[in-house]
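Engineer: Residue numbers (my numbering), protein chains in the order written: chain A, 11 to 370; chain B, 22 to 308.
Even for Gly, the Cβ is constructed at its ideal location relative to N, Cα and C.
If you scroll down you'll find the structure; I have some questions about it.
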Amino acid sequence: MRGSWKVLRAGLVAGSVVAASGAASFTAVAGEFDGVTLRVGTWGGSWKANMVELIVPKFEAMGGKIEFVTGSPQANFAKVITGRGKAPFDVMEVLDAQIGDAMESGYFQKVDLSKIPNKKYVDDYQYNENMVGSWHTQEVICYHVDKFAEQGIPVPKTYADLIHPKLAGKVSFPDINSGGGLANFTAINIAAGGDRDNVQPGLELINKMKVLKFWSRGGETLSQFESGDILAAVSNGGWCLRTRKAGVNVDSVHPVIGNGNVGVAKVGWLGILKSAEGKNVEAAHWFINEYLTEEFQLLFAVKSGIVPINKNAIARMHEDEVIRDILVLDQEKIANELRFDYTGINLSAWTDQWNRMVAK
Amino acid sequence: MDRASRYKIRRTLGRVAFRAYCALSYIFLLSPMVVVIGTSLNGPKASTDASFQFPPENISLHWYARIPEAQIEALALSFALAGIVAVLACILGVPAALGLVRSNLPGKALISTVFRAPLQIPSIVTGIAFLQLFYLIGDLTGVYWQGTLFGLVLGHVFVATPYVVGTVTAVLQRFDMRLEEAALIHGASRWRAFRRVTLPVIMPGVYAGGLYAFMVSFGDVPIAIFLTAPGFVTYPVELFTALENDFDPSIMASASMVIFLCLILLLAVQKLVGLDTLLRTGGGGGR
């Protein structure tokens, strides 16, 4: 396992060399963004650090500067709404669940797709004239391989398989307000026979699971596995990956949802604010295009546990045995994951029902 | 067994129970910090190991070296911001408390309620309200305060001042007015009487309120998350946004660093003011 990790790291180094040579080619347009300060709304921590490592130096080589406004997409979108479109950033990360509200707000401008040449490396459904996809996570059932075997618990295939006497009080599930909460709740509801107007089946299924804790941050599942508090967790595959790399023998199951969908995707998008003007619009397009490069997508995926959308980057992820084990890297299977259109859902009603039935 | 022996046994048992209660209280209060510091000192077994381990098996400062620079910069900003907020909250809060306790203003109860209002409003609402206010002011004047130290200070002073008003009011209500009258009778001006007689007596309340104001500002996320800007992020916001994606022991190292810094700060306060002074806000006694 460690060997394959080294291979991937070596690949990343090689990729960086390629990126560096790419940066050399940018010297041809040095000065293109002289005096431009591009403001990006994104998450903090290692998420931002990835961009600082690969994208920022290239932009600076062209005379510009990138500033990051860190916060969740929800918090950043709240800033946009509060400022009535006067956002403190030019380009921002948007989650799939926000797309409807974002478009309805009218605060985002169209993306000129001709300025995103790297779109050729991603599938057609991952970009449009409103937003460009940037990454996706695979929401999985992460389970403790050894403890399941020891206790004779069958490996789950669906969410319903987590209803098992030996798993009572040993399962962790995302809170609806957490990062992956909505995607997982939607998936479990559809798997249980519910739909956008009826979330009762999903809530009933969750109640039957006898969940130990509704986590608000994915990292909680890692420490719960380490402490032995849980045997299974519904979480982003990236956290399952990190748990395995932290030394706990976990594996993932991409649950069967129904209607031909296996697995759940939470999709990240990038949108350009209307408040961005002049050269900042050009810079925002450049940023989105850079986000889709193979090198960045790969670095990002390996460090943050997400799945790239750049096909070449996905192919290179096969080199890591653990990643291959935990995540789905086959394009057809990726396309088969549940991608829910949240436009028009009554999120307040969903949350109210969740609070009444689950978060007691 | 005679009465004296029974009394002795009861007294001994009482002491033991009291000490056990005190010990349990200390354990309850300190154990989270011990776990945080202990976990931060556990070195990784392998280069990819970012697991949490308590008690630590492999004592190391590895994670302290991994604290992101951004968190250290944010920490410096937070200390500076909290210090400014504490001072300003005292400058606003002390006269407000004096006015509320000593004046005969009509509608005093209403004014007092208004001063407490910031504590009733959820902080996240305060953050959004200030952001909207700053946009409105910016649209009118062309000067935008969001993402500036001034804007952050305004937001934090708003929520921190009621603490100073509360603690100083508590002290003033027990203040013996005859002390001030004696000073006035002996020829002191109003200002001199306040500075030399009243202020020393109410200082415990001012210190306590100032400390609360400092803590409120230092630990705030909901307001700061709306008012910070690139390169201008407070420590709790930096940690909060990092926690959304990262979960390794460097977070514990960072938190431990803050615990140590706060301990140093408290020791400095103890040396300069005396922590017992801070606890005597209701006693009305000076130093």
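For Glu201 (chain B), count the other beta carbons within 10 Å of its own beta carbon; 16 or more makes it buried, fewer makes it exposed. Which is it?
Structural biologist: Counting from one through the second sequence, the residue named residue 201 (chain B) turns up at place 180. With 16 or more Cβ atoms within 10 Å of its Cβ, Glu201 (chain B) is classed as buried.
Engineer: Assuming Gly191 (chain A) and Ala202 (chain A) are in contact, meaning their beta carbons sit under 8 Å apart, how far apart are those beta carbons, in whole angstroms?
Structural biologist: As a first step, residue 191 (chain A) must be located in the first sequence, where it is residue number 181. As a first step, residue 202 (chain A) must be located in the first sequence, where it is residue number 192. About 16 Å; that fails the 8 Å criterion.
Engineer: With a cut-off of 8 Å, do at least 3 Cβ pairs link the region 268-284 of chain A to the region 328-348 of chain A?
Structural biologist: Touching, yes.
Engineer: Rounded to whole angstroms, what's the CA-CA distance from Gly5 (chain B) to Val192 (chain B)? Just pull it up for me.
Structural biologist: Past the boundaries of the shown model lies residue 5 (chain B); chain B is included only from 22 to 308, so the question cannot be answered.
Engineer: Can a CB atom of chain A be found closer than 8 Å to the CB of Asp267 (chain B)?
Structural biologist: In the second sequence, residue 267 (chain B) corresponds to position 246, counting from 1. Chain A contact via Cβ: present.
Engineer: Decide if Ala34 (chain A) is buried, meaning its Cβ has at least 16 other Cβ atoms within 10 Å, or exposed.
Structural biologist: By 1-based counting over the first sequence, the position of residue 34 (chain A) is 24. Note on Ala34 (chain A): pLDDT 37, under 50, position unreliable in the model; the coordinate value appears next. When all chains shown are included, Ala34 (chain A) counts as exposed.
Engineer: Name the two residues that bound the continuous beta strand (DSSP E) containing Gln148 (chain A).
Structural biologist: Position 138 of the first sequence, counted from the start, is the residue given in the question as residue 148 (chain A). Here the beta strand (DSSP E) through Gln148 (chain A) covers 142-154.
Engineer: Got a sec, what are the start and stop residues for the alpha helix (DSSP H) Phe151 (chain B) sits in?
Structural biologist: Stepping through the second sequence from its first residue, residue 151 (chain B) is reached at position 130. Looking at the DSSP string, the run of the alpha helix (DSSP H) that includes Phe151 (chain B) is 144-162.
Engineer: Could you say which of B:Arg24, B:Val55, B:Ile93 lies nearest to Pro257 (chain B) if we only look at CA atoms?
Structural biologist: As a first step, residue 257 (chain B) is located in the second sequence; it is residue number 236 there, counting from the start. Comparing Cα positions, the closest option is B:Ile93.
Engineer: Using only CA atoms, which one of A:Phe183, A:Gln210, A:Glu292 lies nearest to Phe235 (chain A)?
Structural biologist: Along the first sequence, one-based indexing puts residue 235 (chain A) at 225. Out of A:Phe183, A:Gln210, A:Glu292, A:Phe183 has the C-alpha closest to the C-alpha of Phe235 (chain A).
Engineer: Give the straight-line distance between the Cα atoms of Phe310 (chain A) and Leu64 (chain A), rounded to the nearest whole angstrom.
Structural biologist: By one-based count along the first sequence, residue 310 (chain A) stands at place 300. By one-based count along the first sequence, residue 64 (chain A) stands at place 54. Taking the straight line joining both Cα atoms gives about 10 Å.
Engineer: Should Ser72 (chain B) be flagged as near chain A, meaning a C-beta pair shorter than 8 Å?
Structural biologist: Along the second sequence, read from residue 1 onward, the residue named residue 72 (chain B) stands at position 51. Closer than 8 Å: yes.
Engineer: Please list the segments of the alpha helix (DSSP H) lying wholly inside the region 167-202 of chain B, counting only runs of 4 or more residues, in order along the chain.
Structural biologist: Whole alpha helix (DSSP H) segments, 4+ residues: 170-193.
Engineer: Would you mind stating whether Glu77 (chain A) and Pro127 (chain B) have Cβ atoms separated by less than 8 Å?
Structural biologist: Position 67 of the first sequence, counted from the first residue, corresponds to residue 77 (chain A). Position 106 of the second sequence, counted from the first residue, corresponds to residue 127 (chain B). No, Cβ-Cβ distance for Glu77 (chain A) and Pro127 (chain B) is not below 8 Å.
Engineer: Under DSSP, the alpha helix (DSSP H) around Phe49 (chain B) begins and ends at which residues?
Structural biologist: Within the second sequence, numbered from 1, the residue matching residue 49 (chain B) stands at position 28. 24-61 is the span of the alpha helix (DSSP H), which, as asked, contains Phe49 (chain B).
Engineer: Residues of the region 235-266 of chain B in Cβ contact with chain A at a cutoff of 7 Å, in chain order, please.
Structural biologist: Taking 7 Å as the Cβ-Cβ cut-off against chain A, the residues of the region 235-266 of chain B that qualify are Ile246, Phe247, Ala250, Pro251, Gly252, Val254, Glu259, Thr262, Ala263, Leu264, Glu265, Asn266.
Engineer: Could you name the residues of chain A that Ala167 (chain B) contacts, counting a contact when the two beta carbons are closer than 9 Å?
Structural biologist: For the purposes of this step, residue 167 (chain B) is identified with residue 146 of the second sequence, where counting begins at 1. Position check: residue 167 (chain B) holds Gln in this sequence, whereas Ala was assumed. Here the neighbours are Lys89, Gly93, Pro98.
Engineer: Going by DSSP, what residues sit across from Pro184 (chain A) in a beta bridge?
Structural biologist: As a first step, residue 184 (chain A) must be located in the first sequence, where it is residue number 174. Per DSSP, A:Trp225.
Engineer: Sorted by chain position, which residues of the same chain lie with C-beta nearer than 6 Å to Ile333 (chain A)'s C-beta, five sequence neighbours on each side aside?
Structural biologist: Here residue 333 (chain A) refers to the residue found at position 323 when the first sequence is read from its first residue. Excluding residues within five positions, the ones whose Cβ falls inside 6 Å are Met327.
Engineer: Can you say whether Ala294 (chain A) is buried or exposed, counting buried as having 16 or more other CB atoms within 10 angstroms of its CB?
Structural biologist: The residue given as residue 294 (chain A) occupies position 284 in the first sequence. Buried, since its Cβ has 16 or more Cβ neighbours within 10 Å.
Engineer: Given a cut-off of 8 Å on the beta-carbon distance, is the pair Gly189 (chain A) and Glu259 (chain B) in contact?
Structural biologist: The residue given as residue 189 (chain A) occupies position 179 in the first sequence. The residue given as residue 259 (chain B) occupies position 238 in the second sequence. No. Outside cutoff.
Engineer: Hey, Ser56 (chain A) and Asp267 (chain B) are a contact pair by Cβ (cut 8 Å); roughly how many whole angstroms apart?
Structural biologist: Start at 1 with the first residue of the first sequence, and residue 56 (chain A) comes out as number 46. Start at 1 with the first residue of the second sequence, and residue 267 (chain B) comes out as number 246. Rounded, the Cβ-Cβ distance is 5 Å, consistent with contact.
Engineer: Is it the case that the region 170-186 of chain A contacts the region 125-140 of chain A, given that we only count it when at least three CB pairs across the two stretches are under 8 Å?
Structural biologist: No contact exists between the region 125-140 of chain A and the region 170-186 of chain A.
Engineer: What residue range does the beta strand (DSSP E) around Asp261 (chain A) cover?
Structural biologist: By 1-based counting over the first sequence, the position of residue 261 (chain A) is 251. First-last of the beta strand (DSSP E) with Asp261 (chain A): 260-263.
Engineer: State the beta-bridge partners of Gln119 (chain A) as determined by DSSP.
Structural biologist: For this step, residue 119 (chain A) is matched to residue 109 along the first sequence. DSSP output for Gln119 (chain A) lists A:Ile282 as bridge partner(s).
Engineer: Is Tyr85 (chain B) close to chain A? Criterion is C-beta to C-beta, closer than 8 Å.
Structural biologist: The count along the second sequence starts at 1 and reaches residue 85 (chain B) at position 64. No, Tyr85 (chain B) does not count as interfacial toward chain A.
Engineer: Bridge partners for Tyr135 (chain A) per DSSP, in chain order?
Structural biologist: As a position in the first sequence, residue 135 (chain A) is number 125, starting the count at 1. According to DSSP, Tyr135 (chain A) bridges with nothing at all.
Engineer: Nearest by alpha-carbon distance to Trp279 (chain A): which of A:Ala59, A:Tyr135, A:Gly143, A:Arg254 is it?
Structural biologist: Translated into positions along the first sequence, residue 279 (chain A) becomes position 269. The shortest C-alpha separation from Trp279 (chain A) is found at A:Gly143.
Engineer: Spatial neighbours of Leu119 (chain B) within its chain, please: C-beta separation below 6 Å, excluding the five flanking residues on both sides.
Structural biologist: The count along the second sequence starts at 1 and reaches residue 119 (chain B) at position 98. The answer is none, since no qualifying residue turns up.
Engineer: Taking three-plus beta-carbon pairs below 8 Å as touching, is the region 274-293 of chain B in contact with the region 87-104 of chain B?
Structural biologist: Flag = yes, the region 274-293 of chain B and the region 87-104 of chain B touch.
Engineer: Where Thr37 (chain A) and Met72 (chain A) are concerned, what is the direct C-alpha to C-alpha distance, given to the nearest angstrom?
Structural biologist: In the first sequence, counting from the first residue as 1, residue 37 (chain A) sits at position 27. In the first sequence, counting from the first residue as 1, residue 72 (chain A) sits at position 62. With a pLDDT of only 41 at Thr37 (chain A), under 50, the local geometry of the prediction cannot be trusted, and no value is derived from it.
Engineer: Just the C-alpha distance for Tyr165 (chain B) and Leu109 (chain B), rounded to the nearest angstrom, thanks.
Structural biologist: Here residue 165 (chain B) is taken as the residue at index 144 of the second sequence, counted from 1. Here residue 109 (chain B) is taken as the residue at index 88 of the second sequence, counted from 1. So the two alpha carbons sit approximately 21 Å from each other.
Engineer: Determine whether the Cβ of Ser31 (chain A) lies closer than 8 Å to any Cβ atom of chain B.
Structural biologist: As a first step, residue 31 (chain A) is located in the first sequence; it is residue number 21 there, counting from the start. In this predicted model, Ser31 (chain A) has a pLDDT of only 42, less than 50, meaning its place in the structure is not dependable; the value taken from the coordinates is given anyway. With 8 Å as the cut-off, Ser31 (chain A) does not count as an interface residue toward chain B.
Engineer: In chain order, which continuous runs of the alpha helix (DSSP H) of length 4 or greater are located wholly inside the region 240-287 of chain B?
Structural biologist: Listed in chain order, they are 245-248, 256-264.
Engineer: If you draw a straight line from the C-alpha of Arg366 (chain A) to the C-alpha of Gly163 (chain B), how long is it?
Structural biologist: Locating residue 366 (chain A) in the first sequence gives position 356, counting from the first residue. Locating residue 163 (chain B) in the second sequence gives position 142, counting from the first residue. The alpha-carbon atoms of Arg366 (chain A) and Gly163 (chain B) are separated by roughly 46 Å.
Engineer: Can you list, in chain order, the residues of its chain whose CB lies under 7 Å from that of Val260 (chain A), leaving out five sequence neighbours each side?
Structural biologist: Walking along the first sequence from the start, residue 260 (chain A) turns up at place 250. Within the same chain, Val260 (chain A) has close Cβ partners Cys152, Tyr153, His154, Val155, Phe235, Cys250, Thr253, Arg254.
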